[in-house]
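I have placed the structure first, in the form of structure tokens, so that the comments after it can refer back to it.
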Amino acid sequence: EYILAPEDGSLQMGWWGSQLSDDLCYFSNPYPTITLEFETDRSINAIKVVGDSLKEEYPVDYTIKIYGANENILVQREVTENTNINNITDIMENPTNSRKVEITITKWSHPNRQVKIVECLDVAFKLNIGPELYFRKNNPAKYLEVANYIEVPYGEEKVIVKDEDSIIKNGLLKYSLQSNPLIQTEERALDIANRLLEGYSNPRRDLDLEWRGNPALALGDTVSVIDNKEINDYKVVKQELEYTGYLRAKLSGRRV
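Residues in the sequence shown are numbered consecutively from -5, following the numbering used here.
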């Protein structure tokens, strides 16, 4: 029998330790340890640890160890004097063959309390790619050029057309055409609205990018492509690396 967690935020679900911290907030050996294991190699960009937000408790000192398939330590981080309930530790090495993460907590924020971790996970790898890093970009329509709810005025009235599937998938993206004295009938306004909706509700979502490349980037990772107006995220579906005196890559992605 399963019981759903309450939706009102009155209760929390997570990992509780069995040991109480001492009067100075320290734990004794063996220390409370959380272990995450993966069945396949995994790329890790950062580790997020969230304490007890309801009681405003959190780990102050803890150690992060990331292991490979042979139990070899790939990365070790010592976090000290943390004051954040929700704390993210960057893993700059970005190991792509991680199989296990251990988090050992040695000091808590309050004395005589148990460890309470409501969220503990590896943050998905996301790489920022700015204009200075790419040579050629062929990307989908920008978010600001996407619309699935179109308003076209005529006289004192207006027509509205919308794409329900796109609204469910992408949220409501509204576009209102400015008043135009040449649009005087409902029929004309409806024709223009349908043409706008056809062009804006289902933009091309694929990215083709030639850039300087990063060998740590793997299929399924997310890249944030930055231009002068906005940032869009893409899931990597293909990458070809080439080295001719300098690294160059061809990347294909799908907007997420």
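Where is the CB? At the ideal position from N, CA and C, for every residue including glycine.
In the DSSP assignment, residue 200 falls within the unbroken beta strand (DSSP E) covering 200 to 205. With a threshold of 16 other beta carbon atoms within 10 Å, residue 102 meets it and is buried. When 172, 83, 77 are compared, the shortest CA-CA separation from residue 69 is found for 83.
Rounded to the nearest whole angstrom, the C-alpha separation of residue 30 and residue 96 is 6 Å. If you ignore the 5 residues before and after residue 74, its C-beta comes within less than 7 Å of the C-beta of 55, all in its own chain and listed in chain order.
Taken in chain order, the complete beta strand (DSSP E) segments of 3 residues or longer contained in the segment 26 to 102 are 27 to 36, 40 to 44, 53 to 61, 67 to 73, 80 to 84, 92 to 102.
When the beta-carbon positions are compared, residue 206 and residue 242 come within less than 8 Å of each other. For residue 159, the enclosing alpha helix (DSSP H) stretches over residues 158 to 164.
Rounded to whole angstroms, the separation of the alpha carbons of residue 247 and residue 81 is 30 Å.
DSSP places residue 240 in the coil class of the three-state scheme, outside both helix and strand. Distance from the Cα of residue 229 is smallest, within the candidate group 214, 239, 219, 220, for 214. CA-to-CA, the gap between residue 15 and residue 23 works out to about 11 Å. Between residue 161 and residue 142, the gap from beta carbon to beta carbon is short of 8 Å. Contact between residue 85 and residue 60 is confirmed by a C-beta separation of about 7 Å, below the 8 Å threshold. For residue 188, the three-state secondary structure derived from DSSP is helix. Taken through DSSP and simplified to helix, strand or coil, residue 127 comes out as helix. Taking residue 232 as the centre and dropping the five residues before and after it, the same chain places the C-beta of 246 closer than 6 Å to its C-beta, in chain order. Residue state for residue 150 is assigned as coil, using DSSP reduced to three classes.
Assignment of residue 182 by DSSP, reduced to helix, strand and coil, places it in the helix class.
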